[in-house]
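Chemist: Numbering of the sequence shown is given in the UniProt record's numbering, commencing with residue 1 and proceeding in unit increments.
The following block contains the structure, expressed as structure tokens.
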Amino acid sequence: MRGALIAIEGLDRTGKTTQTTLLIKKFENLGIDYKLIKFPQRETQIGKLINNYLIDKSFQLNDQAAHLLFSANRWELIDEIKNDLNNGKIILMDRYVYSGVSYSSAKGLSFDWCLNPDKGLPKPDVTLFLKFKNSENSNREGFGDERYEIVEFQEKVKLIFEKFNQNSEWNSLFVDNLNIDQVHEKIWNIVEPYTEGLNKDLQTF
Ligand code: DGP
Numbered sequence: 001m002r003g004a005l006i007a008i009e010g011l012d013r014t015g016k017t018t019q020t021t022l023l024i025k026k027f028e029n030l031g032i033d034y035k036l037i038k039f040p041q042r043e044t045q046i047g048k049l050i051n052n053y054l055i056d057k058s059f060q061l062n063d064q065a066a067h068l069l070f071s072a073n074r075w076e077l078i079d080e081i082k083n084d085l086n087n088g089k090i091i092l093m094d095r096y097v098y099s100g101v102s103y104s105s106a107k108g109l110s111f112d113w114c115l116n117p118d119k120g121l122p123k124p125d126v127t128l129f130l131k132f133k134n135s136e137n138s139n140r141e142g143f144g145d146e147r148y149e150i151v152e153f154q155e156k157v158k159l160i161f162e163k164f165n166q167n168s169e170w171n172s173l174f175v176d177n178l179n180i181d182q183v184h185e186k187i188w189n190i191v192e193p194y195t196e197g198l199n200k201d202l203q204t205f
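Shown next as structure tokens:
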């Protein structure tokens, strides 16, 4: 049995990190072996460059090069992820390929071009997509601090996320009108069956 690959996706400030934290607390309470990986993973050499790019709006990098850095950041962690899955660990990812393609193609790059460098990466067994009916994420504390936190841009990203959503077996969760615990409960209902482990091979993008 291998561990499940789980991704939490959504626009900026939709509560991904809060929900991820609650989910790992649950894993810990139940003694479930897991690892959390947040993409971009800003601690690696590539991740440090990405971090500078995100926080320093004067950092000059063309959109293609930026996208390839984000993709490289996913690839550089993949051996570790596969190894952990094979050892039965659940891998919980806070953002992944779906964010990668959606954010970069919202800048005008073609969807297929953006997906290409990620082809071959493992597909999550479960993707949880947190979303608002409106652009309420812009009201959240801290919104606007980083490069992509602009309302119009987030709207474009949302449309591309929806394109993925139509073709994939996602679990979309509207978080408007739900409190943190209610969202957590919905997420747990979806995730719990996967905590037993899986017998099937990972699929790839
Ligand atoms: P976070 O640390 O979750 O706030 O994510 C940082 C930002 O990076 C967020 O605005 C989404 C964006 N992002 C994540 N992955 C990619 C990617 O592959 N390409 C681009 N262009 N942006 C990404």
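Glycine included, each C-beta is placed from N, C-alpha and C at the ideal position.
In this text the structure is predicted, and so the values were computed from the model without any measurement.
Can residue 18 be considered in contact with the ligand DGP, in the sense that its beta carbon sits closer than 8 angstroms to one or more heavy atoms?
Modeler: Walking along the sequence shown from the start, residue 18 turns up at place 18. Every heavy atom of the ligand DGP is 8 angstroms or more from the Cβ of residue 18, so no.
Chemist: What number of angstroms, rounded off, separates the C-alpha of residue 107 from the C-alpha of residue 98?
Modeler: Mapped onto the sequence shown, residue 107 falls at position 107. Mapped onto the sequence shown, residue 98 falls at position 98. Each residue's alpha carbon lies about 15 angstroms from the other.
Chemist: Please report how far the alpha carbon of residue 42 lies from the alpha carbon of residue 147, in whole angstroms.
Modeler: Locating residue 42 in the sequence shown gives position 42, where the first residue counts as 1. Locating residue 147 in the sequence shown gives position 147, where the first residue counts as 1. In a straight line, the C-alpha of residue 42 is about 15 angstroms away from that of residue 147.
Chemist: Quick test of your reading: residue 126 and residue 191, contact by CB under 8 angstroms. State the CB separation rounded to the nearest angstrom.
Modeler: Counted from its first residue, the sequence shown places residue 126 at position 126. Counted from its first residue, the sequence shown places residue 191 at position 191. That belief holds up - the Cβ atoms of residue 126 and residue 191 are roughly 6 angstroms apart, short of 8 angstroms.
Chemist: Could you check if residue 58 is buried or exposed, using at least 16 other CB atoms within 10 Å of its CB as the buried criterion?
Modeler: Within the sequence shown, numbered from 1, the residue matching residue 58 stands at position 58. By the neighbour-count rule (16 or more Cβ atoms within 10 Å), residue 58 is not buried but exposed.
Chemist: Measuring alpha carbon to alpha carbon, tell me which of 87, 123, 77, 101 ends up nearest residue 3.
Modeler: Numbered from 1 along the sequence shown, position 3 holds the residue referred to as residue 3. If we check each option's Cα against that of residue 3, 87 comes out closest.
Chemist: For the alpha helix (DSSP H) containing residue 63, name the first residue and the last one.
Modeler: Translated into the one-based positions of the sequence shown, residue 63 becomes position 63. Note, residue 63: alpha helix (DSSP H), 63 to 75.
Chemist: Hey, could you find the ends of the beta strand (DSSP E) residue 109 is sitting in?
Modeler: Start at 1 with the first residue of the sequence shown, and residue 109 comes out as number 109. From DSSP, residue 109 is part of no beta strand (DSSP E); its letter is neither H nor E.
Chemist: Going by alpha carbons, who is nearest to residue 194 out of 33, 17, 75?
Modeler: What you label residue 194 is simply residue 194 of the sequence shown in a count that begins at 1. Nearest option by C-alpha distance: 33.
Chemist: Report yes or no: do three or more beta-carbon pairs, one from the stretch 115 to 133 and one from the stretch 167 to 178, lie closer than 8 angstroms?
Modeler: The stretch 115 to 133, when compared against the stretch 167 to 178, does touch it at the 8 angstroms Cβ threshold.
Chemist: Is the closest heavy atom of the ligand DGP to the C-beta of residue 100 under 8 angstroms?
Modeler: On the sequence shown, position 100 is the one that residue 100 refers to. Within the cutoff, so yes.
Chemist: At which residues does the alpha helix (DSSP H) containing residue 10 begin and terminate?
Modeler: Numbered from 1 along the sequence shown, position 10 holds the residue referred to as residue 10. Per DSSP, residue 10 belongs to no alpha helix (DSSP H); it is in the beta strand (DSSP E), 5 to 10.
Chemist: Report yes if the C-beta of residue 94 is less than 8 angstroms from at least one heavy atom of the ligand DGP; otherwise report no.
Modeler: Walking along the sequence shown from the start, residue 94 turns up at place 94. Yes, the beta carbon of residue 94 sits closer than 8 angstroms to at least one heavy atom of the ligand DGP.
Chemist: Let me know the secondary structure DSSP gives residue 186 once reduced to three states.
Modeler: Here the question's residue 186 lines up with position 186 in the sequence shown. If DSSP states are grouped into helix, strand and coil, residue 186 belongs with the helices.
Chemist: If distances are taken between C-alpha atoms only, which option among 35, 36, 67, 37 comes closest to residue 50?
Modeler: Within the sequence shown, numbered from 1, the residue matching residue 50 stands at position 50. It is 67.
Chemist: Tell whether a beta-carbon distance below 9 angstroms holds between residue 46 and residue 23.
Modeler: Taking the sequence shown and counting its residues from 1, the one referred to as residue 46 is at position 46. Taking the sequence shown and counting its residues from 1, the one referred to as residue 23 is at position 23. Contact flag unset, no.
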